[in-house]
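Letter 115 of the sequence shown, counting from 1, is numbered 186 in this note's numbering, and no numbers are missing.
Even for Gly, the Cβ is constructed at its ideal location relative to N, Cα and C.
Predicted model only: the values in this text are computed from it and were never measured.
See below for the structure under consideration.
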Amino acid sequence: MGGRSAIEAVQSIEVDLRIVGADFEVDGKYRAARPGRMRIDVLAGGKHVYTEAFDGDRAWQWKGAAIETESSEATAALRHGVELPGKLFGVHELRQRGHRVNLAMREAIDGTNYYPLRITLADGYTTTLYVDTNNWLITRRRDVRPLHVDVDPQPRSNPGFLIFGR
(Lines of atoms letter the chains of each structure in order from A and count residues from 1; the text may use other names and numbers.)
(Lines give C-alpha, C1' and ligand atoms only; values in the text may rest on other atoms or scores of the structure.)
Protein backbone atom coordinates (compact mmCIF):
# COMPACT_ATOMS: atom_id res chain seq x y z
CA MET A 1 0.00 0.00 0.00
CA GLY A 2 1.20 3.50 -0.69
CA GLY A 3 2.04 3.20 -4.36
CA ARG A 4 5.15 2.47 -6.37
CA SER A 5 7.62 4.53 -4.33
CA ALA A 6 6.43 3.10 -0.99
CA ILE A 7 6.60 -0.48 -2.29
CA GLU A 8 10.04 -0.02 -3.84
CA ALA A 9 11.31 1.61 -0.61
CA VAL A 10 10.78 -1.67 1.28
CA GLN A 11 14.19 -3.34 1.30
CA SER A 12 13.50 -6.10 3.82
CA ILE A 13 10.76 -7.57 5.97
CA GLU A 14 10.60 -9.63 9.14
CA VAL A 15 7.45 -11.50 10.20
CA ASP A 16 6.85 -13.49 13.39
CA LEU A 17 4.81 -16.63 12.67
CA ARG A 18 2.85 -19.25 14.55
CA ILE A 19 2.80 -22.43 12.44
CA VAL A 20 0.08 -24.92 13.34
CA GLY A 21 -0.06 -28.39 11.83
CA ALA A 22 -2.33 -31.34 12.54
CA ASP A 23 -0.03 -32.59 15.30
CA PHE A 24 2.38 -29.73 16.06
CA GLU A 25 2.70 -26.02 16.81
CA VAL A 26 5.92 -24.06 16.35
CA ASP A 27 7.02 -20.46 16.16
CA GLY A 28 8.92 -18.99 13.25
CA LYS A 29 10.60 -15.85 12.09
CA TYR A 30 10.45 -15.17 8.34
CA ARG A 31 12.89 -12.66 6.87
CA ALA A 32 13.19 -11.59 3.24
CA ALA A 33 15.23 -8.93 1.48
CA ARG A 34 15.70 -7.43 -1.94
CA PRO A 35 16.95 -8.48 -4.43
CA GLY A 36 15.14 -11.76 -3.59
CA ARG A 37 16.51 -13.66 -0.59
CA MET A 38 14.68 -15.24 2.35
CA ARG A 39 15.22 -17.20 5.54
CA ILE A 40 12.87 -18.80 8.03
CA ASP A 41 13.97 -19.94 11.47
CA VAL A 42 11.67 -22.33 13.35
CA LEU A 43 11.58 -22.77 17.11
CA ALA A 44 9.82 -25.53 19.04
CA GLY A 45 9.40 -24.88 22.73
CA GLY A 46 11.76 -21.92 22.42
CA LYS A 47 14.54 -24.08 20.92
CA HIS A 48 15.87 -23.41 17.39
CA VAL A 49 15.11 -26.63 15.47
CA TYR A 50 15.05 -25.76 11.76
CA THR A 51 16.18 -23.15 9.26
CA GLU A 52 15.37 -22.90 5.57
CA ALA A 53 16.81 -20.21 3.31
CA PHE A 54 17.12 -19.04 -0.28
CA ASP A 55 20.19 -16.94 -1.12
CA GLY A 56 18.96 -15.79 -4.52
CA ASP A 57 20.44 -18.78 -6.36
CA ARG A 58 20.04 -21.87 -4.23
CA ALA A 59 18.14 -23.04 -1.17
CA TRP A 60 19.46 -24.80 1.89
CA GLN A 61 18.12 -26.17 5.14
CA TRP A 62 19.43 -26.94 8.61
CA LYS A 63 17.72 -29.50 10.85
CA GLY A 64 20.06 -29.32 13.84
CA ALA A 65 23.09 -30.93 12.20
CA ALA A 66 24.80 -30.17 8.89
CA ILE A 67 23.49 -27.68 6.35
CA GLU A 68 21.97 -29.45 3.34
CA THR A 69 21.34 -28.09 -0.15
CA GLU A 70 17.66 -28.33 -1.01
CA SER A 71 16.12 -29.89 -4.10
CA SER A 72 15.41 -27.83 -7.19
CA GLU A 73 11.67 -28.07 -6.35
CA ALA A 74 12.20 -26.70 -2.83
CA THR A 75 14.48 -23.97 -4.21
CA ALA A 76 11.76 -22.98 -6.70
CA ALA A 77 9.09 -22.90 -3.97
CA LEU A 78 11.18 -20.55 -1.82
CA ARG A 79 11.95 -18.34 -4.83
CA HIS A 80 8.22 -18.14 -5.66
CA GLY A 81 7.44 -17.02 -2.12
CA VAL A 82 9.88 -14.12 -2.40
CA GLU A 83 9.00 -13.11 -5.97
CA LEU A 84 5.21 -13.00 -5.63
CA PRO A 85 3.77 -9.55 -4.86
CA GLY A 86 2.81 -8.83 -1.30
CA LYS A 87 6.04 -9.18 0.62
CA LEU A 88 8.83 -7.25 -1.10
CA PHE A 89 7.76 -6.64 -4.66
CA GLY A 90 4.74 -5.01 -6.25
CA VAL A 91 2.73 -6.19 -9.23
CA HIS A 92 4.32 -3.37 -11.25
CA GLU A 93 7.75 -5.02 -10.75
CA LEU A 94 6.84 -8.47 -12.08
CA ARG A 95 7.57 -7.84 -15.76
CA GLN A 96 10.99 -6.28 -15.11
CA ARG A 97 11.82 -9.37 -13.00
CA GLY A 98 11.04 -11.65 -15.98
CA HIS A 99 7.48 -12.69 -15.11
CA ARG A 100 4.14 -12.31 -16.95
CA VAL A 101 0.89 -10.73 -15.79
CA ASN A 102 -2.39 -11.21 -17.64
CA LEU A 103 -5.77 -9.75 -16.73
CA ALA A 104 -8.54 -12.37 -16.80
CA MET A 105 -12.31 -11.90 -17.00
CA ARG A 106 -13.85 -10.35 -13.89
CA GLU A 107 -14.97 -12.87 -11.31
CA ALA A 108 -17.59 -12.52 -8.55
CA ILE A 109 -16.75 -14.33 -5.30
CA ASP A 110 -18.85 -14.02 -2.13
CA GLY A 111 -20.53 -10.88 -3.46
CA THR A 112 -17.31 -9.09 -4.42
CA ASN A 113 -16.36 -8.42 -8.02
CA TYR A 114 -12.64 -9.12 -8.61
CA TYR A 115 -10.12 -8.48 -11.35
CA PRO A 116 -8.12 -11.73 -11.49
CA LEU A 117 -4.45 -11.30 -12.39
CA ARG A 118 -2.92 -14.49 -13.82
CA ILE A 119 0.74 -14.45 -12.80
CA THR A 120 3.25 -16.69 -14.57
CA LEU A 121 6.71 -16.61 -13.04
CA ALA A 122 9.76 -17.01 -15.26
CA ASP A 123 10.03 -20.74 -14.43
CA GLY A 124 6.40 -21.41 -15.45
CA TYR A 125 4.80 -21.43 -11.98
CA THR A 126 1.33 -19.88 -12.12
CA THR A 127 -1.01 -18.36 -9.57
CA THR A 128 -3.98 -16.00 -9.62
CA LEU A 129 -4.13 -12.84 -7.52
CA TYR A 130 -7.50 -11.17 -7.04
CA VAL A 131 -7.85 -7.37 -7.03
CA ASP A 132 -10.86 -6.28 -4.98
CA THR A 133 -12.80 -3.62 -6.92
CA ASN A 134 -13.97 -2.00 -3.66
CA ASN A 135 -10.49 -1.02 -2.45
CA TRP A 136 -8.15 -1.95 -5.34
CA LEU A 137 -6.04 -4.19 -3.11
CA ILE A 138 -5.02 -7.79 -3.75
CA THR A 139 -7.07 -9.66 -1.18
CA ARG A 140 -7.12 -13.24 -2.50
CA ARG A 141 -4.85 -15.77 -4.16
CA ARG A 142 -5.61 -19.13 -5.76
CA ASP A 143 -3.11 -21.73 -6.91
CA VAL A 144 -2.26 -25.41 -6.99
CA ARG A 145 1.02 -26.34 -5.30
CA PRO A 146 2.49 -28.55 -2.60
CA LEU A 147 2.00 -26.98 0.80
CA HIS A 148 5.62 -27.93 1.59
CA VAL A 149 7.42 -29.80 -1.18
CA ASP A 150 9.78 -31.69 1.17
CA VAL A 151 6.96 -32.91 3.43
CA ASP A 152 4.41 -33.78 0.73
CA PRO A 153 5.33 -33.03 -2.90
CA GLN A 154 1.77 -33.62 -4.16
CA PRO A 155 0.36 -30.38 -5.63
CA ARG A 156 -2.98 -29.49 -4.07
CA SER A 157 -5.48 -26.75 -4.65
CA ASN A 158 -5.46 -24.44 -1.68
CA PRO A 159 -8.64 -24.69 0.41
CA GLY A 160 -10.70 -21.88 -1.07
CA PHE A 161 -8.58 -18.76 -1.01
CA LEU A 162 -5.74 -17.33 0.95
CA ILE A 163 -7.06 -14.03 2.20
CA PHE A 164 -4.86 -10.98 2.70
CA GLY A 165 -5.81 -7.87 4.62
CA ARG A 166 -9.15 -9.06 5.96
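**Message:** Can you give me the C-alpha to C-alpha distance between L155 and Y201, rounded to a whole angstrom?
**Reply:** Residue mapping note: residue 155 aligns to position 84 of the sequence shown, counting from 1. Residue mapping note: residue 201 aligns to position 130 of the sequence shown, counting from 1. When rounded, the distance between both Cα atoms is 13 Å.
**Request:** Return the CA-CA distance between S284 and R102, expressed in angstroms with no decimal places.
**Result:** What is shown of the chain runs 72 to 237, which leaves residue 284 out entirely.
**Asked** Based on Cα-Cα distance, which residue from A145, D194, V162 lies nearest to L240?
**Response** The structure shown has nothing for residue 240, since the chain only spans 72 to 237.
**Request:** Following the continuous alpha helix (DSSP H) through H151, name the residue where it begins and the one where it ends.
**Result:** The sequence position of residue 151 within the sequence shown is 80, counting from 1. Unbroken alpha helix (DSSP H) run through H151: 143 to 154.
**Prompt:** For E135, which residues from the same chain have a beta carbon less than 8 Å from its beta carbon, with the 5 sequence-adjacent residues on both sides left out?
**Reply:** Against the sequence shown, residue 135 aligns to sequence position 64. The amino acid at residue 135 is misidentified as Glu; the sequence shows Gly. If we look at G135 and ignore the five residues flanking it on each side, its Cβ neighbours are V120, Y121.
**Prompt:** For G99, which residues of its own chain have a beta-carbon under 6 Å away from its beta-carbon, when the five flanking residues on both sides are left out?
**Reply:** For the purposes of this step, residue 99 is taken as the residue at position 28 of the sequence shown. So the list reads L88, I90, I111, V113, once near-sequence residues are dropped.
**Asked** Excluding the five sequence neighbours on either side, which residues of its own chain have a C-beta within less than 8 Å of the C-beta of G127, listed in chain order?
**Response** The sequence position of residue 127 within the sequence shown is 56, counting from 1. Leaving aside the five residues that flank G127 on each side, the residues in its chain whose CB is nearer than 8 Å to its CB run, in chain order, P106, G107, R108.
**Identity of the residues DSSP links to L200 by a beta bridge** = In the sequence shown, the residue the question calls residue 200 occupies position 129. Paired residue(s): L188, R212.
**Request:** Just grab the DSSP bridge partners of K118 for me.
**Result:** Here residue 118 refers to the residue found at position 47 when the sequence shown is read from its first residue. Answer by DSSP bridge pairing, in chain order: A115.
**Request:** Thinking D181 and T199 are a contact (beta carbons under 8 Å), I'd like their distance in whole angstroms, please.
**Result:** Position 110 of the sequence shown, counting from 1, holds the residue named residue 181. Position 128 of the sequence shown, counting from 1, holds the residue named residue 199. With a Cβ gap of about 16 Å, D181 and T199 do not count as contacting.
**Message:** According to DSSP, simplified to helix, strand and coil, what is R105?
**Reply:** As a position in the sequence shown, residue 105 is number 34, starting the count at 1. Assigned with DSSP and collapsed to three states, R105 falls in coil, not helix or strand.
**Item:** Local conformation of A193 per DSSP, three classes
**Value:** The residue you call residue 193 lines up with position 122 of the sequence shown. Look at A193 here: in three-state DSSP terms it is coil, with no helix or strand label.
**Prompt:** CA-CA distance, V81 and A124?
**Reply:** For the purposes of this step, residue 81 is taken as the residue at position 10 of the sequence shown. For the purposes of this step, residue 124 is taken as the residue at position 53 of the sequence shown. Roughly 20 Å between the two C-alpha positions.
**Request:** Counting only the same chain and skipping the five closest in sequence on each side, list residues whose C-beta sits under 6 Å from that of E178.
**Result:** By one-based count along the sequence shown, residue 178 stands at place 107. Y185, P187.
**Prompt:** Got a sec, what are the start and stop residues for the beta strand (DSSP E) A179 sits in?
**Reply:** The residue given as residue 179 occupies position 108 in the sequence shown. Its beta strand (DSSP E) spans residues 178 to 180.
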